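This report refers to the structure that appears directly beneath it.
In the working numbering, the protein residues as written are 153 to 668.
Spelled out as C-alpha coordinates, the structure:
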(Lines of atoms letter the chains of each structure in order from A and count residues from 1; the text may use other names and numbers.)
(Lines give C-alpha, C1' and ligand atoms only; values in the text may rest on other atoms or scores of the structure.)
Protein backbone atom coordinates (compact mmCIF):
# COMPACT_ATOMS: atom_id res chain seq x y z
CA UNK A 1 0.00 0.00 0.00
CA UNK A 2 1.37 3.41 -0.99
CA UNK A 3 0.74 6.39 1.32
CA UNK A 4 1.50 10.10 0.97
CA UNK A 5 1.15 12.87 3.60
CA UNK A 6 0.55 16.61 3.11
CA UNK A 7 -0.54 19.75 4.96
CA UNK A 8 -3.36 21.62 3.23
CA UNK A 9 -2.72 25.38 3.27
CA UNK A 10 -5.40 27.72 4.45
CA UNK A 11 -7.42 29.18 1.63
CA UNK A 12 -7.83 25.92 -0.35
CA UNK A 13 -11.34 24.53 -0.67
CA UNK A 14 -11.24 20.90 0.41
CA UNK A 15 -14.67 20.24 -1.12
CA UNK A 16 -13.26 21.27 -4.48
CA UNK A 17 -10.04 19.32 -4.15
CA UNK A 18 -11.33 16.25 -2.40
CA UNK A 19 -14.42 14.97 -4.21
CA UNK A 20 -15.67 12.03 -6.23
CA UNK A 21 -14.80 11.77 -9.86
CA UNK A 22 -18.37 11.97 -11.02
CA UNK A 23 -17.45 9.36 -13.64
CA UNK A 24 -19.47 6.15 -13.71
CA UNK A 25 -17.62 3.05 -14.81
CA UNK A 26 -19.63 2.09 -17.85
CA UNK A 27 -18.56 -0.02 -20.83
CA UNK A 28 -18.28 3.04 -23.06
CA UNK A 29 -15.85 4.77 -20.81
CA UNK A 30 -13.60 1.73 -20.35
CA UNK A 31 -13.37 0.51 -24.01
CA UNK A 32 -11.23 2.28 -26.52
CA UNK A 33 -12.82 3.15 -29.81
CA UNK A 34 -10.91 2.05 -32.83
CA UNK A 35 -7.23 2.89 -32.86
CA UNK A 36 -7.52 6.22 -31.04
CA UNK A 37 -4.93 7.06 -28.32
CA UNK A 38 -6.38 7.21 -24.81
CA UNK A 39 -5.61 9.98 -22.31
CA UNK A 40 -3.90 8.83 -19.07
CA UNK A 41 -7.06 9.44 -17.04
CA UNK A 42 -9.08 7.30 -19.52
CA UNK A 43 -6.57 4.46 -19.29
CA UNK A 44 -6.45 4.53 -15.45
CA UNK A 45 -8.25 1.79 -13.56
CA UNK A 46 -11.32 2.83 -11.59
CA UNK A 47 -11.23 2.40 -7.84
CA UNK A 48 -13.94 2.01 -5.27
CA UNK A 49 -13.30 4.06 -2.14
CA UNK A 50 -14.96 4.57 1.20
CA UNK A 51 -16.33 8.07 1.60
CA UNK A 52 -17.28 9.98 4.70
CA UNK A 53 -17.88 13.70 4.69
CA UNK A 54 -16.79 14.01 1.03
CA UNK A 55 -19.31 11.75 -0.74
CA UNK A 56 -20.73 12.67 -4.15
CA UNK A 57 -24.50 12.98 -4.58
CA UNK A 58 -24.85 9.57 -6.30
CA UNK A 59 -22.79 7.67 -3.70
CA UNK A 60 -24.35 4.51 -2.27
CA UNK A 61 -23.43 2.82 0.99
CA UNK A 62 -20.70 5.40 1.61
CA UNK A 63 -18.93 4.25 -1.54
CA UNK A 64 -17.61 6.32 -4.41
CA UNK A 65 -15.66 5.51 -7.56
CA UNK A 66 -12.76 7.38 -9.14
CA UNK A 67 -10.01 6.93 -11.70
CA UNK A 68 -7.65 8.77 -9.31
CA UNK A 69 -6.88 7.89 -5.71
CA UNK A 70 -8.63 7.23 -2.43
CA UNK A 71 -7.84 9.59 0.44
CA UNK A 72 -8.34 10.13 4.13
CA UNK A 73 -7.94 13.53 5.78
CA UNK A 74 -7.73 14.70 9.37
CA UNK A 75 -8.07 18.39 10.23
CA UNK A 76 -8.64 20.76 13.12
CA UNK A 77 -11.48 23.24 12.81
CA UNK A 78 -11.67 26.78 14.20
CA UNK A 79 -12.95 25.52 17.55
CA UNK A 80 -10.08 23.07 17.93
CA UNK A 81 -12.20 19.96 17.19
CA UNK A 82 -10.54 17.17 15.19
CA UNK A 83 -12.47 15.97 12.10
CA UNK A 84 -11.62 12.76 10.21
CA UNK A 85 -13.11 12.26 6.72
CA UNK A 86 -12.42 10.31 3.52
CA UNK A 87 -13.46 10.11 -0.13
CA UNK A 88 -12.43 9.90 -3.76
CA UNK A 89 -9.96 12.17 -5.54
CA UNK A 90 -9.99 12.77 -9.29
CA UNK A 91 -7.06 11.56 -11.34
CA UNK A 92 -6.46 15.05 -12.58
CA UNK A 93 -4.15 16.80 -10.08
CA UNK A 94 -4.33 14.02 -7.52
CA UNK A 95 -0.55 13.52 -7.39
CA UNK A 96 -0.04 17.22 -6.64
CA UNK A 97 -2.79 17.32 -4.05
CA UNK A 98 -1.32 14.36 -2.19
CA UNK A 99 2.17 15.95 -2.22
CA UNK A 100 1.22 19.60 -1.72
CA UNK A 101 2.87 22.44 0.19
CA UNK A 102 4.55 21.79 3.50
CA UNK A 103 3.95 25.37 4.66
CA UNK A 104 0.50 24.80 6.10
CA UNK A 105 -0.98 27.47 8.31
CA UNK A 106 -3.83 25.18 9.48
CA UNK A 107 -3.30 21.81 11.11
CA UNK A 108 -4.32 19.27 8.39
CA UNK A 109 -2.94 15.99 7.09
CA UNK A 110 -4.08 14.00 4.05
CA UNK A 111 -3.06 10.46 3.04
CA UNK A 112 -3.77 8.84 -0.35
CA UNK A 113 -3.78 5.24 -1.65
CA UNK A 114 -4.51 3.47 -4.96
CA UNK A 115 -6.55 0.25 -4.46
CA UNK A 116 -10.15 -0.48 -3.60
CA UNK A 117 -11.32 0.71 -0.18
CA UNK A 118 -7.75 1.23 0.91
CA UNK A 119 -8.60 4.48 2.69
CA UNK A 120 -10.46 2.53 5.37
CA UNK A 121 -7.10 1.54 6.80
CA UNK A 122 -5.52 5.00 6.56
CA UNK A 123 -4.88 6.65 9.92
CA UNK A 124 -3.62 10.18 9.22
CA UNK A 125 -2.27 12.10 12.21
CA UNK A 126 -2.30 15.81 12.86
CA UNK A 127 1.09 17.52 12.52
CA UNK A 128 2.71 18.83 15.72
CA UNK A 129 1.92 22.38 16.69
CA UNK A 130 4.34 24.98 15.31
CA UNK A 131 4.52 26.93 18.57
CA UNK A 132 4.03 25.72 22.07
CA UNK A 133 3.37 27.97 25.06
CA UNK A 134 6.69 28.85 26.69
CA UNK A 135 7.64 27.29 29.94
CA UNK A 136 7.27 29.98 32.66
CA UNK A 137 10.44 28.75 34.37
CA UNK A 138 12.39 29.06 31.14
CA UNK A 139 11.00 32.57 30.56
CA UNK A 140 12.05 33.64 34.05
CA UNK A 141 15.51 32.20 33.48
CA UNK A 142 15.84 34.05 30.17
CA UNK A 143 14.82 37.37 31.75
CA UNK A 144 17.24 36.85 34.63
CA UNK A 145 20.13 36.13 32.28
CA UNK A 146 19.31 39.22 30.18
CA UNK A 147 19.14 41.50 33.23
CA UNK A 148 22.40 40.12 34.59
CA UNK A 149 24.10 40.58 31.23
CA UNK A 150 22.92 44.21 30.92
CA UNK A 151 24.00 44.91 34.50
CA UNK A 152 27.41 43.45 33.79
CA UNK A 153 27.79 45.67 30.73
CA UNK A 154 26.79 48.79 32.71
CA UNK A 155 29.20 47.98 35.53
CA UNK A 156 31.97 47.34 33.01
CA UNK A 157 31.37 50.68 31.27
CA UNK A 158 31.29 52.56 34.59
CA UNK A 159 34.50 50.89 35.75
CA UNK A 160 36.16 51.67 32.43
CA UNK A 161 35.31 55.37 32.53
CA UNK A 162 36.27 55.60 36.20
CA UNK A 163 39.60 53.99 35.43
CA UNK A 164 40.07 56.31 32.47
CA UNK A 165 39.21 59.37 34.60
CA UNK A 166 41.65 58.33 37.31
CA UNK A 167 44.34 57.70 34.70
CA UNK A 168 43.79 61.13 33.15
CA UNK A 169 43.86 62.75 36.57
CA UNK A 170 47.10 61.02 37.49
CA UNK A 171 48.63 62.01 34.18
CA UNK A 172 47.42 65.58 34.67
CA UNK A 173 49.12 65.83 38.07
CA UNK A 174 52.22 64.09 36.75
CA UNK A 175 52.47 66.52 33.84
CA UNK A 176 51.84 69.38 36.23
CA UNK A 177 54.69 68.27 38.45
CA UNK A 178 56.97 67.78 35.46
CA UNK A 179 56.08 71.17 34.05
CA UNK A 180 56.99 72.83 37.33
CA UNK A 181 60.57 72.44 36.18
CA UNK A 182 59.87 74.88 33.33
CA UNK A 183 58.80 77.57 35.81
CA UNK A 184 61.40 77.90 38.59
CA UNK A 185 60.14 78.60 42.08
CA UNK A 186 59.98 82.29 42.91
CA UNK A 187 59.56 83.39 39.29
CA UNK A 188 56.83 86.00 38.85
CA UNK A 189 54.77 86.61 35.74
CA UNK A 190 56.71 89.81 35.09
CA UNK A 191 59.99 87.89 35.21
CA UNK A 192 58.70 85.23 32.83
CA UNK A 193 57.38 87.78 30.36
CA UNK A 194 60.57 89.87 30.45
CA UNK A 195 62.59 86.71 29.87
CA UNK A 196 60.43 85.72 26.90
CA UNK A 197 60.87 89.19 25.37
CA UNK A 198 64.64 89.23 25.69
CA UNK A 199 65.47 85.61 24.84
CA UNK A 200 62.35 84.28 23.16
CA UNK A 201 60.68 84.70 19.80
CA UNK A 202 58.87 87.86 20.84
CA UNK A 203 55.46 86.20 20.50
CA UNK A 204 54.90 85.60 24.22
CA UNK A 205 55.56 82.79 26.63
CA UNK A 206 56.33 79.29 25.30
CA UNK A 207 53.19 77.18 24.83
CA UNK A 208 54.26 74.66 27.47
CA UNK A 209 54.68 77.45 30.02
CA UNK A 210 51.29 78.88 29.03
CA UNK A 211 49.59 75.52 29.57
CA UNK A 212 51.32 75.10 32.91
CA UNK A 213 50.19 78.53 34.09
CA UNK A 214 46.62 77.89 32.88
CA UNK A 215 46.43 74.62 34.83
CA UNK A 216 47.82 76.19 38.01
CA UNK A 217 45.50 79.19 38.10
CA UNK A 218 42.77 79.27 40.75
CA UNK A 219 39.63 81.26 39.94
CA UNK A 220 38.44 83.49 42.79
CA UNK A 221 35.28 85.32 41.72
CA UNK A 222 33.30 86.45 38.70
CA UNK A 223 34.04 90.07 37.77
CA UNK A 224 32.30 90.43 34.40
CA UNK A 225 30.14 88.80 31.77
CA UNK A 226 29.52 89.57 28.12
CA UNK A 227 28.36 88.09 24.85
CA UNK A 228 31.62 86.20 24.40
CA UNK A 229 31.75 84.60 27.87
CA UNK A 230 32.82 85.46 31.41
CA UNK A 231 35.76 87.18 33.10
CA UNK A 232 37.04 85.81 36.39
CA UNK A 233 39.56 87.09 38.87
CA UNK A 234 42.23 84.42 39.26
CA UNK A 235 45.43 83.88 41.18
CA UNK A 236 48.71 82.32 40.12
CA UNK A 237 51.32 81.99 42.86
CA UNK A 238 49.63 84.83 44.72
CA UNK A 239 49.52 87.19 41.72
CA UNK A 240 46.19 88.47 40.44
CA UNK A 241 45.31 87.69 36.84
CA UNK A 242 42.19 88.04 34.69
CA UNK A 243 40.80 84.79 33.28
CA UNK A 244 38.56 85.24 30.26
CA UNK A 245 36.45 82.10 29.75
CA UNK A 246 34.88 81.98 26.29
CA UNK A 247 31.63 80.21 25.50
CA UNK A 248 32.09 77.16 23.28
CA UNK A 249 30.19 78.84 20.44
CA UNK A 250 32.76 81.69 20.53
CA UNK A 251 35.71 79.43 19.73
CA UNK A 252 36.49 81.48 16.61
CA UNK A 253 36.78 84.66 18.73
CA UNK A 254 39.02 82.89 21.25
CA UNK A 255 41.25 81.54 18.50
CA UNK A 256 41.47 84.93 16.80
CA UNK A 257 42.25 86.86 19.97
CA UNK A 258 44.88 84.31 20.98
CA UNK A 259 46.42 84.52 17.52
CA UNK A 260 46.58 88.32 17.65
CA UNK A 261 48.06 88.41 21.16
CA UNK A 262 50.73 85.89 20.16
CA UNK A 263 51.79 88.02 17.21
CA UNK A 264 55.47 88.89 17.28
CA UNK A 265 56.27 92.26 18.93
CA UNK A 266 52.65 92.67 19.98
CA UNK A 267 53.41 93.53 23.62
CA UNK A 268 53.01 97.22 24.44
CA UNK A 269 52.29 99.14 27.62
CA UNK A 270 49.00 100.39 26.18
CA UNK A 271 47.87 96.98 24.93
CA UNK A 272 46.42 94.55 27.48
CA UNK A 273 49.20 92.24 28.64
CA UNK A 274 48.72 88.68 27.41
CA UNK A 275 49.90 85.84 29.66
CA UNK A 276 48.56 82.51 28.43
CA UNK A 277 45.83 80.71 26.49
CA UNK A 278 44.67 77.13 26.85
CA UNK A 279 41.78 74.74 26.22
CA UNK A 280 40.59 72.88 29.28
CA UNK A 281 38.45 69.83 28.47
CA UNK A 282 36.53 68.17 31.30
CA UNK A 283 34.90 65.47 29.15
CA UNK A 284 31.39 66.92 29.36
CA UNK A 285 32.40 70.44 28.31
CA UNK A 286 35.29 72.44 26.90
CA UNK A 287 36.50 75.71 28.42
CA UNK A 288 38.51 78.20 26.39
CA UNK A 289 40.85 80.21 28.62
CA UNK A 290 42.52 83.52 27.83
CA UNK A 291 44.67 84.78 30.72
CA UNK A 292 45.74 88.42 30.83
CA UNK A 293 46.90 91.08 33.26
CA UNK A 294 44.37 92.13 35.87
CA UNK A 295 43.46 95.81 36.29
CA UNK A 296 41.43 96.73 39.35
CA UNK A 297 39.93 99.89 37.83
CA UNK A 298 38.11 97.84 35.21
CA UNK A 299 37.01 99.20 31.87
CA UNK A 300 36.97 102.86 30.88
CA UNK A 301 33.17 102.65 30.67
CA UNK A 302 32.87 101.57 34.32
CA UNK A 303 35.65 103.93 35.44
CA UNK A 304 33.89 107.00 34.02
CA UNK A 305 30.67 106.10 35.83
CA UNK A 306 32.15 106.85 39.24
CA UNK A 307 35.11 109.12 38.43
CA UNK A 308 35.31 112.67 37.14
CA UNK A 309 38.38 113.84 35.26
CA UNK A 310 40.39 117.00 35.29
CA UNK A 311 42.11 118.21 32.15
CA UNK A 312 45.40 116.45 32.98
CA UNK A 313 43.69 113.10 33.61
CA UNK A 314 41.71 113.50 30.38
CA UNK A 315 44.89 114.18 28.43
CA UNK A 316 46.60 111.18 30.01
CA UNK A 317 43.75 108.86 29.05
CA UNK A 318 43.37 110.14 25.49
CA UNK A 319 47.13 110.11 24.84
CA UNK A 320 47.69 106.58 26.21
CA UNK A 321 44.74 105.24 24.22
CA UNK A 322 46.15 106.90 21.09
CA UNK A 323 49.55 105.27 21.76
CA UNK A 324 47.97 101.83 22.02
CA UNK A 325 45.95 102.37 18.85
CA UNK A 326 49.05 103.65 17.06
CA UNK A 327 50.98 100.51 18.02
CA UNK A 328 48.17 98.33 16.66
CA UNK A 329 47.95 100.20 13.36
CA UNK A 330 51.71 100.36 12.78
CA UNK A 331 53.45 97.64 10.80
CA UNK A 332 56.97 96.77 11.98
CA UNK A 333 59.21 95.47 9.20
CA UNK A 334 61.98 92.95 9.67
CA UNK A 335 62.65 89.25 10.15
CA UNK A 336 60.64 89.32 13.39
CA UNK A 337 58.20 91.96 12.16
CA UNK A 338 54.68 92.82 13.26
CA UNK A 339 51.75 93.17 10.85
CA UNK A 340 49.44 96.16 10.92
CA UNK A 341 46.29 95.41 12.94
CA UNK A 342 42.89 97.12 13.03
CA UNK A 343 40.74 96.63 16.14
CA UNK A 344 37.22 96.88 14.60
CA UNK A 345 35.44 97.04 17.97
CA UNK A 346 37.05 99.97 19.77
CA UNK A 347 34.84 101.34 22.56
CA UNK A 348 35.07 102.36 26.20
CA UNK A 349 34.16 98.85 27.40
CA UNK A 350 37.16 97.42 25.52
CA UNK A 351 39.65 99.87 27.05
CA UNK A 352 40.97 99.11 30.55
CA UNK A 353 42.33 101.59 33.10
CA UNK A 354 45.70 100.80 34.71
CA UNK A 355 46.80 101.83 38.19
CA UNK A 356 48.83 104.77 36.84
CA UNK A 357 45.76 106.27 35.14
CA UNK A 358 46.65 105.24 31.58
CA UNK A 359 44.67 103.13 29.13
CA UNK A 360 45.33 99.75 27.58
CA UNK A 361 43.33 98.38 24.67
CA UNK A 362 41.74 94.93 25.05
CA UNK A 363 39.35 92.50 23.30
CA UNK A 364 41.00 91.77 19.95
CA UNK A 365 38.57 89.03 18.89
CA UNK A 366 37.45 90.97 15.81
CA UNK A 367 40.86 92.35 14.84
CA UNK A 368 41.99 92.40 11.21
CA UNK A 369 45.61 91.86 10.13
CA UNK A 370 47.28 93.16 7.01
CA UNK A 371 50.03 91.22 5.28
CA UNK A 372 52.06 93.69 3.23
CA UNK A 373 53.99 90.91 1.48
CA UNK A 374 50.85 89.48 -0.14
CA UNK A 375 48.79 92.69 0.13
CA UNK A 376 45.95 90.68 1.68
CA UNK A 377 43.57 91.55 4.51
CA UNK A 378 43.24 88.73 7.05
CA UNK A 379 39.62 88.92 8.24
CA UNK A 380 38.50 86.66 11.13
CA UNK A 381 35.87 83.98 10.58
CA UNK A 382 33.81 85.09 13.59
CA UNK A 383 30.24 86.18 12.86
CA UNK A 384 30.40 88.85 15.59
CA UNK A 385 30.17 92.49 14.62
CA UNK A 386 31.18 95.65 16.43
CA UNK A 387 28.99 97.93 18.55
CA UNK A 388 26.71 100.15 16.47
CA UNK A 389 27.06 103.22 18.68
CA UNK A 390 30.78 103.33 17.88
CA UNK A 391 30.61 102.43 14.19
CA UNK A 392 31.82 104.80 11.50
CA UNK A 393 29.28 106.06 8.93
CA UNK A 394 30.81 103.96 6.15
CA UNK A 395 30.37 100.84 8.30
CA UNK A 396 26.75 101.64 9.08
CA UNK A 397 25.77 102.30 5.48
CA UNK A 398 27.90 99.33 4.29
CA UNK A 399 30.06 101.38 1.92
CA UNK A 400 33.32 100.33 3.58
CA UNK A 401 35.76 98.65 1.20
CA UNK A 402 36.42 95.33 2.95
CA UNK A 403 39.41 94.54 0.74
CA UNK A 404 41.20 97.80 1.61
CA UNK A 405 42.96 97.69 4.99
CA UNK A 406 43.16 101.48 5.32
CA UNK A 407 39.35 101.54 5.48
CA UNK A 408 39.44 99.52 8.73
CA UNK A 409 42.10 101.87 10.12
CA UNK A 410 39.91 104.91 9.47
CA UNK A 411 36.90 103.18 11.05
CA UNK A 412 39.00 102.66 14.20
CA UNK A 413 39.92 106.35 14.21
CA UNK A 414 36.24 107.33 14.10
CA UNK A 415 35.48 105.00 17.03
CA UNK A 416 38.40 106.52 18.94
CA UNK A 417 36.93 109.99 18.38
CA UNK A 418 33.68 108.86 20.00
CA UNK A 419 35.67 107.50 22.95
CA UNK A 420 37.26 110.98 23.35
CA UNK A 421 33.75 112.47 23.57
CA UNK A 422 32.83 109.89 26.18
CA UNK A 423 35.88 110.78 28.28
CA UNK A 424 35.38 114.52 27.84
CA UNK A 425 31.80 114.36 29.13
CA UNK A 426 33.23 113.43 32.56
CA UNK A 427 35.74 116.27 32.57
CA UNK A 428 35.27 119.05 35.12
CA UNK A 429 37.32 122.19 34.49
CA UNK A 430 36.67 125.84 35.16
CA UNK A 431 33.56 124.89 37.14
CA UNK A 432 31.90 123.50 33.99
CA UNK A 433 30.72 119.88 33.80
CA UNK A 434 30.83 118.79 30.16
CA UNK A 435 28.46 115.84 30.54
CA UNK A 436 25.56 118.06 29.54
CA UNK A 437 26.72 117.95 25.95
CA UNK A 438 26.94 114.14 25.70
CA UNK A 439 23.78 112.07 25.54
CA UNK A 440 25.09 108.54 25.03
CA UNK A 441 22.41 107.17 27.33
CA UNK A 442 19.80 108.33 24.86
CA UNK A 443 21.72 106.80 21.97
CA UNK A 444 21.95 103.50 23.84
CA UNK A 445 18.16 103.24 23.61
CA UNK A 446 18.27 103.53 19.84
CA UNK A 447 18.46 99.99 18.51
CA UNK A 448 17.81 100.71 14.85
CA UNK A 449 20.91 100.63 12.69
CA UNK A 450 19.13 102.96 10.26
CA UNK A 451 18.77 105.64 12.97
CA UNK A 452 22.46 105.40 13.87
CA UNK A 453 23.37 105.59 10.21
CA UNK A 454 21.17 108.65 9.70
CA UNK A 455 22.66 110.44 12.70
CA UNK A 456 26.26 109.51 12.00
CA UNK A 457 26.46 109.93 8.24
CA UNK A 458 25.64 113.62 8.35
CA UNK A 459 27.97 115.81 10.40
CA UNK A 460 25.53 118.66 10.65
CA UNK A 461 22.69 116.45 11.87
CA UNK A 462 24.69 114.26 14.26
CA UNK A 463 26.70 117.05 15.86
CA UNK A 464 23.68 119.30 16.32
CA UNK A 465 21.95 116.45 18.17
CA UNK A 466 24.87 115.48 20.41
CA UNK A 467 27.14 118.49 20.85
CA UNK A 468 27.36 122.22 20.27
CA UNK A 469 28.73 123.26 16.91
CA UNK A 470 32.48 123.07 16.26
CA UNK A 471 32.83 126.81 16.64
CA UNK A 472 30.84 126.96 19.89
CA UNK A 473 32.73 124.00 21.35
CA UNK A 474 36.07 125.53 20.40
CA UNK A 475 35.20 128.89 21.97
CA UNK A 476 34.02 127.32 25.22
CA UNK A 477 36.99 125.02 25.60
CA UNK A 478 39.54 127.66 24.59
CA UNK A 479 38.22 130.02 27.23
CA UNK A 480 38.21 127.36 29.94
CA UNK A 481 41.26 125.22 29.31
CA UNK A 482 43.79 124.86 26.50
CA UNK A 483 44.11 121.12 27.18
CA UNK A 484 40.41 120.53 26.74
CA UNK A 485 40.53 122.59 23.58
CA UNK A 486 43.33 120.37 22.22
CA UNK A 487 41.31 117.27 23.02
CA UNK A 488 38.35 118.72 21.19
CA UNK A 489 40.52 119.40 18.15
CA UNK A 490 41.79 115.82 18.25
CA UNK A 491 38.19 114.68 18.38
CA UNK A 492 37.42 116.86 15.35
CA UNK A 493 40.15 115.23 13.28
CA UNK A 494 38.81 111.77 14.15
CA UNK A 495 35.11 112.19 13.45
CA UNK A 496 34.94 113.56 9.93
CA UNK A 497 32.19 111.82 7.98
CA UNK A 498 34.61 111.24 5.10
CA UNK A 499 37.38 108.74 6.00
CA UNK A 500 39.91 110.51 3.80
CA UNK A 501 39.76 113.64 6.03
CA UNK A 502 40.39 111.79 9.28
CA UNK A 503 43.76 111.90 10.97
CA UNK A 504 45.92 108.83 11.54
CA UNK A 505 46.73 107.40 14.97
CA UNK A 506 50.29 108.68 14.63
CA UNK A 507 49.04 112.19 13.87
CA UNK A 508 46.73 112.17 16.90
CA UNK A 509 49.53 110.88 19.11
CA UNK A 510 51.87 113.66 17.98
CA UNK A 511 49.21 116.33 18.41
CA UNK A 512 48.43 115.22 21.98
CA UNK A 513 52.09 114.81 22.91
CA UNK A 514 52.81 118.41 21.91
CA UNK A 515 50.23 119.67 24.43
CA UNK A 516 52.14 118.46 27.45
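Using N, Cα and C, we set each Cβ at its ideal position, and we do this for glycine too.
Here the structure is a predicted model, which is why all the values come from computation and not from measurement.
Contact under 8 angstroms by Cβ, residue 211 with residue 274:
no
In this structure, how does DSSP classify residue 465 when only helix, strand and coil are distinguished?
For residue 465, the secondary structure class from DSSP, reduced to helix, strand or coil, is helix.
On a CA-only basis, which of 491, 431 and 392 is nearest residue 520? Give me that one, please.
491
Residue 540 lies in the beta strand (DSSP E); which residues open and close that run?
Neither: residue 540 is in no beta strand (DSSP E) and is coded neither H nor E.
Helix, strand or coil for residue 420 per DSSP?
In the three-state reduction of the DSSP assignment, residue 420 falls in the coil class, being assigned neither a helical nor a strand state.
With distances taken Cα to Cα, identify the nearest neighbour of residue 372 among 389, 362, 304 and 271.
389
What is the C-beta distance between residue 470 and residue 499, in whole angstroms, given that I count them as a contact (C-beta under 8 angstroms)?
So it is not a contact: roughly 15 angstroms between Cβ atoms.
For residue 383, write down the residues that DSSP places opposite it in a beta bridge.
376 and 396
Measuring CA to CA, which of 421, 640, 510 and 544 is closest to residue 572?
Of the listed residues, the one whose Cα sits closest to residue 572 is 640.
Residue 497 to residue 542 span [Cα, whole Å]:
Using only the alpha carbons, I get a separation of about 8 angstroms.
Can we count residue 507 as close to the ligand MN, meaning its CB is less than 7 angstroms from some heavy atom?
Annotation note on the ligand MN: not contained in the displayed structure, which lists no ligands.
Got a sec, what are the start and stop residues for the alpha helix (DSSP H) residue 410 sits in?
403–413
Using a 10 Å radius around the Cβ and a threshold of 16 neighbouring Cβ atoms, would you call residue 532 buried or exposed?
Buried, since its Cβ has 16 or more Cβ neighbours within 10 Å.
Determine contact between the segment 549–565 and the segment 453–466, defined as no fewer than three beta-carbon pairs at a distance below 8 angstroms.
With a cut-off of 8 angstroms, the segment 453–466 and the segment 549–565 do not count as touching, because too few Cβ pairs lie within range.
Please state if the CB of residue 424 and the CB of residue 504 are separated by a distance shorter than 8 angstroms.
yes
Distance CB(residue 444)-CB(residue 578) smaller than 8 angstroms
no
Just confirm the distance between the C-beta atoms of residue 265 and residue 222, as a whole number of angstroms; I'd bet it's less than 8 angstroms.
5 angstroms
Assuming residue 250 is part of the alpha helix (DSSP H), what are its boundary residues?
246–250
Can you say whether residue 495 is buried or exposed, counting buried as having 16 or more other CB atoms within 10 angstroms of its CB?
With 16 or more other Cβ atoms within 10 Å, it is buried.
Helix, strand or coil for residue 480? Go by DSSP, reduced to three states.
helix
Compare the C-alpha of residue 268 against each of 370, 198 and 415 and name the closest.
Its Cα nearest to that of residue 268, the residue 198 stands out among 370, 198 and 415.
For residue 660, I'd like the list of residues in its chain whose CB is within less than 6 angstroms of its CB, leaving aside the five on either flank, ordered along the chain.
474 and 642
Please identify the residue among 564, 509 and 667 whose C-alpha is closest to the C-alpha of residue 638.
667
What number of angstroms, rounded off, separates the C-alpha of residue 417 from the C-alpha of residue 513?
15 angstroms
So, residue 427 versus residue 440, is the Cβ gap smaller than 8 angstroms?
no
For residue 550, does the count of other Cβ atoms within 10 angstroms reach 16, so buried, or fall short, so exposed?
exposed
Beta-carbon spacing of residue 202, residue 215 below 8 angstroms
yes
In the DSSP assignment, find the unbroken alpha helix (DSSP H) run with residue 457 in it and report its ends.
452–458
Between residue 281 and chain C, is any beta-carbon pair separated by less than 8 angstroms?
Protein chain content of the structure displayed is limited to a single chain, and chain C is not contained in it.
Identify the continuous alpha helix (DSSP H) that holds residue 566 and give its terminal residues.
Per DSSP, residue 566 belongs to the alpha helix (DSSP H) from 557–576.
At what residues does the alpha helix (DSSP H) containing residue 660 begin and finish?
657–665 is the extent of the alpha helix (DSSP H) around residue 660.
Can you give the Cα-Cα distance for residue 242 and residue 280, rounded to whole angstroms?
29 angstroms
Taking the continuous beta strand (DSSP E) assigned at residue 521, which residues delimit it?
520–523
Would you mind working out which of 580, 246, 506 and 450 sits nearest residue 383, comparing C-alpha positions?
450
7 angstroms CB neighbourhood of residue 566 in its chain, flanking five on each side removed:
544, 646, 647 and 654
Rounded to whole angstroms, what is the Cα-Cα separation between residue 411 and residue 298?
Cα to Cα, the separation comes out at about 54 angstroms.
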